[in-house]
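To start, the structure itself, in structure tokens.
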Ligand SMILES: [Zn+2]
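Numbering (our numbering), first residue to last: 1 to 330.
Below, the structure written as structure tokens:
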């Protein structure tokens with residue numbers, strides 16, 4: 001039933017407001033003059049509903065939040081105006097999903113609106129939470145490589161997008177999203193490449209995020225064949241931060257690709273004790289050889305990278321430090 005459920009932040013303020021609303025309703029029910037407590041109850045509920053839409057003040061740059069969703073990906077980009085872009089929405093499991101359990105509460109706690117959703121590819125560990133996020137947060141746009149995958153969660157997410165009037169866009173190399181001074185450029189895939197493919201990983205959406213002089217490269221579960229495709233097209237791959245492909249699997253992160261990206265920080269989104277053996281030791285070694293600091297969500301939990309367009313600060317494991325992005329490394 002429309003409006004029967006409301007989305008609120010899970011904070012102490014919300015708990016106090018909920019208590020006020022409940023108490024006021026009880027008083028309104030037993031009082032001879034119920035209008036004042038009834039207004040107080042409605043007022044408390046209204047504040048609970050609108051608090052999540054208020055950004056918690058401007059921050060001074062761009063933020064990349066690599067969420068800990070177990071085995072899967074869900075990466076949030078936040079602009080200085082408190083607007084968000086979500087890349088993948090984590091896995092679904094029996095009865096729930098990472099969209100509902102992790103992504104939505106994470107954004108609601110920090111305030112602001114979700115502007116766009118970008119799907120790397122239609123595997124459950126990336127698209128599982130998408131329908132929940134789209135129906136709760138209705139972003140304006142949904143970007144996706146349109147690789148015909150039969151995953152139920154993917155089809156469900158498209159149905160929600162259609163019902164909510166969310167604009168769906170097929171990613172083409174050269175397309176971009178401009179938001180509050182941040183540019184998200186799509187480097188791959190194109191339809192000539194994807195038409196001959198069977199594996200959705202190889203049709204992963206590749207997104208390059210630029211803010212000032214700082215660049216983040218998000219590659220979904222791209223494997224070596226797609227990396228070679230990018231290298232053959234001389235795509236501008238250099239980035240300060242790389243979201244490592246395919247959870248650190250040895251199917252991805254070729255030496256040539258890592259040399260082209262030359263990241264100062266490599267982030268691996270991976271579940272503890274996963275059955276695939278991700279991340280591969282060889283990939284960790286290869287990342288070390290190009291001089292990248294490596295962080296993993298199974299060890300560090302959610303990882304946050306902040307930048308003013310020049311300097312980069314990393315926050316993980318309750319610690320903050322500045323990333324060395326000396327141009328002499330290039
Ligand atoms: Zn995956």
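Virtual Cβ for every residue (Gly too), placed ideally from N, Cα, C.
Assigned exposure category for residue i - 16 Cβ within 10 Å defines buried
i	result
residue 256	exposed
residue 321	exposed
residue 136	buried
residue 4	exposed
residue 201	buried
residue 142	buried
residue 251	buried
residue 319	exposed
residue 116	buried
residue 35	exposed
residue 161	buried
residue 303	buried
residue 50	exposed
residue 65	buried
residue 33	exposed
residue 228	exposed
Check whether residue i and residue j have beta carbons under 8 Å apart
i	j	result
residue 114	residue 166	no
residue 126	residue 88	yes
residue 144	residue 172	no
residue 105	residue 154	no
residue 286	residue 264	no
residue 231	residue 217	no
residue 337	residue 249	The first residue shown for the chain is 1 and the last is 330, placing residue 337 beyond what the model contains.
residue 74	residue 118	no
residue 107	residue 76	yes
residue 185	residue 208	yes
residue 182	residue 62	yes
residue 262	residue 283	no
Candidates the options: closest to residue i by CA position
i	options	result
residue 273	290, 191 and 247	247
residue 80	191, 87, 42 and 60	60
residue 205	225, 324, 120 and 15	120
residue 305	91, 4 and 78	78
residue 301	277, 215, 28 and 314	314
residue 94	129, 82 and 67	129
residue 221	199, 212 and 214	199
residue 37	45, 46, 44 and 27	27
residue 42	18, 317 and 197	18
residue 203	224, 235 and 85	224
Inter-stretch contact (C-beta, 8 Å, three-pair minimum) for the stretch 168-184 and the stretch 90-101: Too few Cβ pairs lie closer than 8 Å, so no.
Whole alpha helix (DSSP H) elements within the stretch 255-280, 4-residue minimum: The alpha helix (DSSP H) runs lying completely inside the stretch 255-280 and spanning 4 residues or more are 255-261, given in chain order.
Entirely enclosed beta strand (DSSP E) segments - the stretch 112-200, minimum 3 residues: Counting only runs of 3 or more, we get 113-118, 141-144, 167-170, 176-179 and 182-188.
Along the chain, which unbroken stretches of the alpha helix (DSSP H) at least 4 residues long are found entirely within the stretch 15-102? Fully enclosed alpha helix (DSSP H) runs of 4 or longer: 35-50.
Within 8 Å, do at least three Cβ pairs link the stretch 292-301 to the stretch 262-272? Verdict: yes, contact present.
If you scan the stretch 204-258 from start to end, which runs of the beta strand (DSSP E) of 3 or more residues do you find wholly inside it? As summarised for the stretch 204-258, the continuous beta strand (DSSP E) elements at least 3 residues long and confined to that stretch are 206-211, 214-218 and 241-243, given in chain order.
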